[in-house]
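A quick write-up on the structure given underneath.
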Amino acid sequence: MGEKVFVVRAEGGRKMKRQTIYDTALSQGVTRRDFLKMCSVLAATIGLNYNEADKVVAAMETKTRVPVIWLQFQDCTGCSESFIRSTHPKTESVLFDMISLEYSEVLSAASGYQVEDAMEKVLKDYEGEYILAVEGSIPKNNDFLSVAGHAAKETFIKAAKGAKAIIAYGSCSSWGGIPAAYPNPTGAKPVTYYVKDTPTILVPGCPPIAEVMTGVIAHIITFGEIPELDHSGRPKAFYRHRIHDKCNRRAYFDAGLFVENFDDEGAKQGYCLYKVGCKGPTTYNSCAEMRWNGGVSYPIQSGNPCIGCSENNFWDNGPFYERRAEIPSTQTTINPDVVGLAALGATAVGVAAHATATVVKKKMDDKRGEDQ
Ligand code: FSX
Ligand code: SF4
Ligand code: F3S
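Numbering-wise, this note's numbering comes out as the position in the sequence shown, counting from 1, plus 4.
Dropping the structure here:
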């Protein structure tokens, strides 16, 4: 058990021995028991059954750490902040055991030429093997952002060329995000605008859930390929449900009990936030299932309507905190009023038949009156 396991890797004609992920974990003081625990959590995160955790164990015991280059463009660094707060498994394990973070403006100890050289070396030595994580959108106009004297676009296209996969981490790199909001002064674009022939996984959210990133990387390590994606390029395992489908306030929606104002009795009771603008019915993300900060809570649980931060154009889809009568049919399979109708039966006929902000409000008020 204590014997070190190395993977032999050909590098420039030479054979090099590199530590496996498991061995790296041991050298960081992680016990076998903790390692197995970490693998079980990872297996659950990537959607494997409990009895399939051995696939993750086998991969971590035999594979070496994946080199990662993490580029930041037009962003607020919230994505990095979110990632380093990953709790399942602990970020230290993810960062130092599963991946080898070769370049990060926030986390690299080195800076200046030193770190620029390190990135060049990875592009050359690990061509086709490294993962490129991108945070932030890329401006069309080169004047807006350059790092180390290179325009953002140029740096991204160069790094994307030899990547095994690109992970667009956050809504800005996935869709354009806040920098691309009207009037989009920089001509901000998502990564897919510039590169189409490198496998790209979108992990939207402003910021995204840290454990989703961990899960995506664990999937690539375990299976040697990117996870199954939906029609927009998001990993299905994490974006297959709407917030509304798994929301802890859903029973109130179905019962027609809504918060009307943030300081009313409904708010105190934890009623549904639909009428104060919740975009859960049109937002695909794992917040309601995985929750944030190690499963502690998520916006809706803490009383704030979902603002749809993982959806395309979320900033321009506002205003937030106001209910819109129409739910865009392209983003939802079923109108939430109809969802409510199905669950509520005959009592909800009035809800569905009068699905406009004002009329729904009146009907709900009427219904409450009857209930009391
Ligand atoms: Fe964007 Fe990430 Fe929102 Fe911020 O960097 S997805 S503005 S949380 O940080 O890119
Ligand atoms: Fe939850 Fe929002 Fe749906 Fe209400 S509208 S059930 S608060 S997701
Ligand atoms: Fe964002 Fe909505 Fe989750 S606002 S963090 S997608 S609950």
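Backbone N, C-alpha and C define an ideal beta-carbon position, used for all residues, glycine too.
Here the structure is a predicted model, which means the values were calculated and not measured.
Residue i burial status per 10 Å Cβ neighbour count (16 or more: buried)
| i | result |
| --- | --- |
| residue 187 | exposed |
| residue 266 | exposed |
| residue 327 | buried |
| residue 277 | buried |
| residue 316 | buried |
| residue 235 | exposed |
| residue 263 | buried |
| residue 101 | buried |
| residue 334 | Caution is warranted here: a pLDDT of 39 is assigned to residue 334, below 50, making its placement in the model unreliable, and no coordinate value can be reported. |
| residue 108 | buried |
| residue 70 | buried |
| residue 256 | buried |
| residue 386 | Limits of the chain in this structure are 5 at one end and 376 at the other, which puts residue 386 out of reach. |
| residue 286 | buried |
| residue 280 | buried |
| residue 228 | exposed |
| residue 269 | exposed |
| residue 54 | exposed |
| residue 300 | exposed |
| residue 28 | buried |
| residue 168 | buried |
| residue 260 | buried |
Cβ-Cβ distance between residue i and residue j below 9 Å
| i | j | result |
| --- | --- | --- |
| residue 2 | residue 313 | Not covered by the structure: residue 2. The range shown for the chain is 5 to 376. |
| residue 232 | residue 222 | no |
| residue 253 | residue 207 | no |
| residue 172 | residue 194 | yes |
| residue 137 | residue 179 | no |
| residue 214 | residue 86 | yes |
| residue 170 | residue 204 | yes |
| residue 248 | residue 284 | yes |
| residue 62 | residue 47 | no |
| residue 60 | residue 226 | yes |
| residue 39 | residue 30 | yes |
| residue 190 | residue 143 | yes |
| residue 112 | residue 105 | yes |
| residue 158 | residue 76 | no |
| residue 243 | residue 177 | no |
| residue 216 | residue 294 | yes |
8 Å contact criterion, which residue i and residue j should meet: CB distance rounded
| i | j | result |
| --- | --- | --- |
| residue 325 | residue 309 | 6 Å |
| residue 246 | residue 275 | That belief does not hold up - the Cβ atoms of residue 246 and residue 275 are roughly 19 Å apart, past 8 Å. |
| residue 72 | residue 103 | 5 Å |
| residue 192 | residue 32 | Not a contact, Cβ separation roughly 38 Å. |
| residue 134 | residue 126 | 6 Å |
| residue 211 | residue 181 | Actually they are not in contact, since the Cβ atoms of residue 211 and residue 181 sit about 10 Å apart, beyond 8 Å. |
| residue 110 | residue 81 | 6 Å |
| residue 50 | residue 219 | 5 Å |
Run of the alpha helix (DSSP H) containing residue i, from where it starts to where it stops
| i | result |
| --- | --- |
| residue 149 | Careful: residue 149 lies outside any alpha helix (DSSP H) and carries neither H nor E. |
| residue 31 | 25 to 31 |
| residue 118 | 116 to 129 |
| residue 158 | 156 to 165 |
| residue 86 | 82 to 87 |
| residue 270 | 269 to 273 |
| residue 37 | 36 to 49 |
| residue 292 | 291 to 294 |
N- and C-terminal bounds of the beta strand (DSSP E) containing residue i
| i | result |
| --- | --- |
| residue 137 | 135 to 139 |
| residue 169 | 169 to 173 |
| residue 56 | Run containing residue 56: none; DSSP gives neither H nor E here. |
| residue 108 | 103 to 108 |
| residue 73 | 70 to 76 |
Beta strand (DSSP E) runs contained entirely in the segment 183 to 266, provided each spans 3 or more residues: 204 to 207
Alpha helix (DSSP H) segments (min. 4 residues) lying fully within the segment 283 to 328: 291 to 294
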